[in-house]
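Data first, discussion second: the structure below is written as structure tokens.
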Amino acid sequence: MSIIVSTEGRNTPVFLLHTPASSYIIYTENGYLCHGGWFDRTEFWSGHCVKRHTDMGFSPNPSEYGAERVFSLDTIMQEYSSAGRSDFRAPAFKAFFADGSHSADLLYNTYRIIPGKPPLKGLPSVYVENNDEADTLEIDLKDPLSGITVTLSYTVFSQRDVICRHTVISNPDSGSTLTLNHAMSACIDFPSASFSMLQLSGAHCRERVPFIRQLVPGVQEVSSRRGASSHQQHPFIALLEEGATETQGTVYGFSLVYSGNFLMQAETDQCFTTRILAGINPETFFWKLEPGALFTTPEVVMVRSRNGLGEMSRTYHDLYRSRMCRGQWRDKDRPIVINNWEATYFAFTGEKLCALAEKAADAGIELFVLDDGWFGERDDDFRSLGDWTVNTNKIPGGLAALANDIREKGLAFGLWVEPEMISEDSDLYRLHPDWCLRVPGRKPVTGRSQLVIDLSRTDVVDYLINTFTQIFKSAPITYVKWDFNRHLTDVASTALPADRQGEVFHRFVLGLYRLMDTLTTRFPNLLFESCSGGGGRYDPAILQYMPQTWTSDNTDALSRTWIQLATSIVYPASTMSCHVSAVPNHQTGRNAPLMLRFAVAAAGTFGYELDLTRLPQQELDNIKSLTQQYKQIRTLVRTGDLYRIKTPWHISGCADYAGGLFGTGDTASWLYVSKEADDALFTVIWLMPGANPSGCSYRLQGLDPNARYKIIPIWTGKDTLYTDTVAGGAELMHAGIHITYQPSYEQCFMLRLKKI
Numbered sequence: 000m001s002i003i004v005s006t007e008g009r010n011t012p013v014f015l016l017h018t019p020a021s022s023y024i025i026y027t028e029n030g031y032l033c034h035g036g037w038f039d040r041t042e043f044w045s046g047h048c049v050k051r052h053t054d055m056g057f058s059p060n061p062s063e064y065g066a067e068r069v070f071s072l073d074t075i076m077q078e079y080s081s082a083g084r085s086d087f088r089a090p091a092f093k094a095f096f097a098d099g100s101h102s103a104d105l106l107y108n109t110y111r112i113i114p115g116k117p118p119l120k121g122l123p124s125v126y127v128e129n130n131d132e133a134d135t136l137e138i139d140l141k142d143p144l145s146g147i148t149v150t151l152s153y154t155v156f157s158q159r160d161v162i163c164r165h166t167v168i169s170n171p172d173s174g175s176t177l178t179l180n181h182a183m184s185a186c187i188d189f190p191s192a193s194f195s196m197l198q199l200s201g202a203h204c205r206e207r208v209p210f211i212r213q214l215v216p217g218v219q220e221v222s223s224r225r226g227a228s229s230h231q232q233h234p235f236i237a238l239l240e241e242g243a244t245e246t247q248g249t250v251y252g253f254s255l256v257y258s259g260n261f262l263m264q265a266e267t268d269q270c271f272t273t274r275i276l277a278g279i280n281p282e283t284f285f286w287k288l289e290p291g292a293l294f295t296t297p298e299v300v301m302v303r304s305r306n307g308l309g310e311m312s313r314t315y316h317d318l319y320r321s322r323m324c325r326g327q328w329r330d331k332d333r334p335i336v337i338n339n340w341e342a343t344y345f346a347f348t349g350e351k352l353c354a355l356a357e358k359a360a361d362a363g364i365e366l367f368v369l370d371d372g373w374f375g376e377r378d379d380d381f382r383s384l385g386d387w388t389v390n391t392n393k394i395p396g397g398l399a400a401l402a403n404d405i406r407e408k409g410l411a412f413g414l415w416v417e418p419e420m421i422s423e424d425s426d427l428y429r430l431h432p433d434w435c436l437r438v439p440g441r442k443p444v445t446g447r448s449q450l451v452i453d454l455s456r457t458d459v460v461d462y463l464i465n466t467f468t469q470i471f472k473s474a475p476i477t478y479v480k481w482d483f484n485r486h487l488t489d490v491a492s493t494a495l496p497a498d499r500q501g502e503v504f505h506r507f508v509l510g511l512y513r514l515m516d517t518l519t520t521r522f523p524n525l526l527f528e529s530c531s532g533g534g535g536r537y538d539p540a541i542l543q544y545m546p547q548t549w550t551s552d553n554t555d556a557l558s559r560t561w562i563q564l565a566t567s568i569v570y571p572a573s574t575m576s577c578h579v580s581a582v583p584n585h586q587t588g589r590n591a592p593l594m595l596r597f598a599v600a601a602a603g604t605f606g607y608e609l610d611l612t613r614l615p616q617q618e619l620d621n622i623k624s625l626t627q628q629y630k631q632i633r634t635l636v637r638t639g640d641l642y643r644i645k646t647p648w649h650i651s652g653c654a655d656y657a658g659g660l661f662g663t664g665d666t667a668s669w670l671y672v673s674k675e676a677d678d679a680l681f682t683v684i685w686l687m688p689g690a691n692p693s694g695c696s697y698r699l700q701g702l703d704p705n706a707r708y709k710i711i712p713i714w715t716g717k718d719t720l721y722t723d724t725v726a727g728g729a730e731l732m733h734a735g736i737h738i739t740y741q742p743s744y745e746q747c748f749m750l751r752l753k754k755i
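Numbered as in numbering that gives the first Met the number 0, the sequence shown ends at 755 without a single skipped number.
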């Protein structure tokens, strides 16, 4: 059993939540649910590790339930805190009751243990394929005065160091309407403040930069108020104990399965303890809960690693790859794509697209993607979003004819869509101006000359379901790129009364999930890829419907080295869409060698984003060769364990992305190792190559120490040193492999290691 309930030596139960390598302890005291620690696995817990209570000044005592002066909610380690009853730290639960008050006492009531993992209604979540994979503990807390019940759910995996948490809030039938403000998915109090916090922050075209800072007294948070998980912040934080690195030390990860406004917060208090809160951002959330109604929060996926960030990442990778992603494409190699966007932008014809497809087919590419500009009068980004009819001036025969032409050349056909947006200059807006988010009496704010469709409305979501059902049926489409190119402003709905406008942000997300769930269920054979100006909505929730995401609109190879390595802190390579693009790069102006662009793009789900019809034959031949190379390694990249051998950031301090070549080191390197440790792919990228280098030894990881490996060069420039050589697994891991930069390497170096 993953969950043990003990009453040994106590009048109230102690819950021991056992993952393979850790134990998470919950107990009750004076009626309140308390946190007893999260540490290496132990089969018995006495409670002596818990901080002893002291009478602290200005920390009041809830004596109504038998507590003495030494007991205060302000100082104890809690599992789910509430507002107004002597805990001055940030609350996990806060609601405004009919009398205007917001105080609540959440006292332990009862518990249940359920085999497996029940799904969350209307929300994406981690799942199990059989009940033996996990057990779920549900603990009911109840406020004696209002009758509100808060159910804390913990799913504990038997073979993974993972605990999933969410909360369900129930208003009794006999109660009165209340308004939720804080409804956190998880709260956990650590008995120490000796942590550094890692966050992933950035902007459009420089997503998910790792920043690491020492916790200090007060609140440290990352959050979004943009209506999306966003480029700017990310719904993930990690706590690193002192001395933790990529390969050693204890790390705690918190990943929120949500695509809207979020809060990930660490608060260090007067006792030098640390409270983690994760959930919907209360700044933009008010939810009326009627008598008899329930509210379910998003899920938080918590991972504890004893062996640094790398082990934490691999735990997330295995979980999200196989138990967050769903559908027929979850366990399949993804097709190599050519996207016409950077090749043509809006200026294309059917003839141009077919010429590009013909070159792509000759190069061994497998899927052609038609990007923005195929519908309405969409010759630029000022018009026609919402008018989802084919522009026959560009594509005279329609999508079906174009798709068949592409298929005759040997490629599958994919399509770009942006269902959540609408242009003011569109027939749909002129017919339904009330279908966008807008504040009555105010001219709505535009972004990229577009407005946002109101997905909080059931009728709008139904319209979009029907519209895109017809589009996806209209042609032999096998792939859909789903874009979302602005964040939410004027967040109000004409379909909701004034006292429910605080629900629009969350209702928008629920509408998005219903839209995605319905379409992906209706079209199970379609491969969906998510995009939001690149990685602006790269979160676990979207992976439930779309197993890969366009990682960034920045396709520069050196920028992508950073972005992809940082993305791998949480997400597996199978979810990262990575393309070889044109040079000079359209975002940075940098000229990167083709081999460098390939080496970086080959670290994920691979494709091209350039005009093949303008390239010389020699470069086309090289692209054909590289495409064949990727076909040989893509299963390893998709399924293998990732080891970040050398990162361009230091664990000990903040990243320096903005200046120079955005790094603290001159190289970055990574290794994919098969689950059987019989195959590996090692890549080195020189971010800042210099003259007369001394070189570096790279100690590999994850290999079989008792095996020998044949070294097969994929790219070593003109260097023949590594051709047909053999090295021992222990040697490669403990002594390393020495590489000295040569200009002929073209800033990258790739080796395949095969067990012999």
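For glycine and all other residues, C-beta sits at the position ideal for the given N, C-alpha and C.
Collapsed DSSP secondary structure at residue i in the structure displayed
i: leucine 384; result: coil
i: methionine 0; result: coil
i: cysteine 204; result: coil
i: tryptophan 340; result: helix
i: glutamate 350; result: helix
i: lysine 442; result: coil
i: tryptophan 549; result: strand
i: leucine 635; result: helix
i: serine 624; result: helix
i: phenylalanine 471; result: helix
i: leucine 105; result: coil
i: proline 712; result: strand
i: phenylalanine 507; result: helix
i: glutamine 617; result: helix
i: arginine 9; result: coil
i: valine 250; result: strand
DSSP bridge partner residues for residue i (one or two, in chain order)
i: methionine 323; result: Its beta-bridge partners do not exist; DSSP assigns none.
i: histidine 578; result: Gly606
i: alanine 667; result: Ile684
i: serine 422; result: According to DSSP, serine 422 bridges with nothing at all.
i: glutamate 282; result: Note: glutamate 282 sits in no beta bridge, so no partner.
i: phenylalanine 412; result: Phe367 and Ile476
i: cysteine 163; result: Thr154 and Val300
i: glutamate 67; result: Answer is none; glutamate 67 lacks a bridge partner.
i: lysine 93; result: His181
C-alpha distance - residue i paired with residue j, whole-angstrom precision
i: leucine 670; j: tyrosine 607; result: 23 Å
i: serine 586; j: leucine 686; result: The question names serine, but residue 586 in the sequence shown is glutamine. Cα-Cα distance, rounded: 17 Å.
i: glycine 278; j: tryptophan 714; result: 45 Å
i: arginine 274; j: threonine 267; result: 7 Å
i: tyrosine 319; j: arginine 164; result: 15 Å
i: valine 444; j: tyrosine 697; result: 51 Å
i: serine 22; j: phenylalanine 38; result: 6 Å
i: glutamine 219; j: alanine 265; result: 5 Å
i: asparagine 484; j: glutamine 77; result: 40 Å
i: aspartate 655; j: tryptophan 648; result: Below a pLDDT of 50, predicted positions are generally treated as unreliable, and aspartate 655, at 40, falls in that range; the measurement from the model is reported next regardless. The straight-line gap from Cα to Cα measures roughly 8 Å.
Residue i: CB within 7 Å of a non-hydrogen atom of the ligand MN
i: lysine 472; result: This structure simply doesn't include the ligand MN, nor any ligand for that matter.
Counted within 10 angstroms of its Cβ, other Cβ atoms place residue i as buried (16 or more) or exposed
i: alanine 346; result: exposed
i: leucine 430; result: exposed
i: phenylalanine 661; result: With a pLDDT of 36 at phenylalanine 661, under the threshold of 50, the modelled position of this residue cannot be trusted; read the value that follows with caution. Its Cβ being crowded by 16 or more others within 10 Å, phenylalanine 661 is buried.
i: leucine 308; result: buried
i: glycine 659; result: Because glycine 659 carries a pLDDT of 31, less than 50, the predicted location of this residue cannot be relied on, and the following value inherits that uncertainty. Its Cβ having fewer than 16 others within 10 Å, glycine 659 is exposed.
i: alanine 556; result: buried
i: lysine 331; result: exposed
Option in the options with minimal Cα separation from residue i
i: serine 191; options: Glu240, Pro712, Pro439 and Met515; result: Glu240
i: aspartate 610; options: Pro583, Asp677 and Leu595; result: Pro583
i: isoleucine 138; options: Arg159, Asn108, Ser124 and Pro118; result: Asn108
i: valine 460; options: Thr612, Arg506 and Lys331; result: Arg506
i: serine 529; options: Ile335, Pro539, Pro523 and Arg207; result: Pro539
i: proline 688; options: Phe285, Cys695, Thr666 and Thr626; result: Thr666
i: aspartate 482; options: Leu454, Val508, Gly533 and Phe471; result: Gly533
i: arginine 9; options: Met0, Ala20 and Thr27; result: Thr27
i: isoleucine 75; options: Asn260, Cys270, Leu197 and Tyr126; result: Cys270
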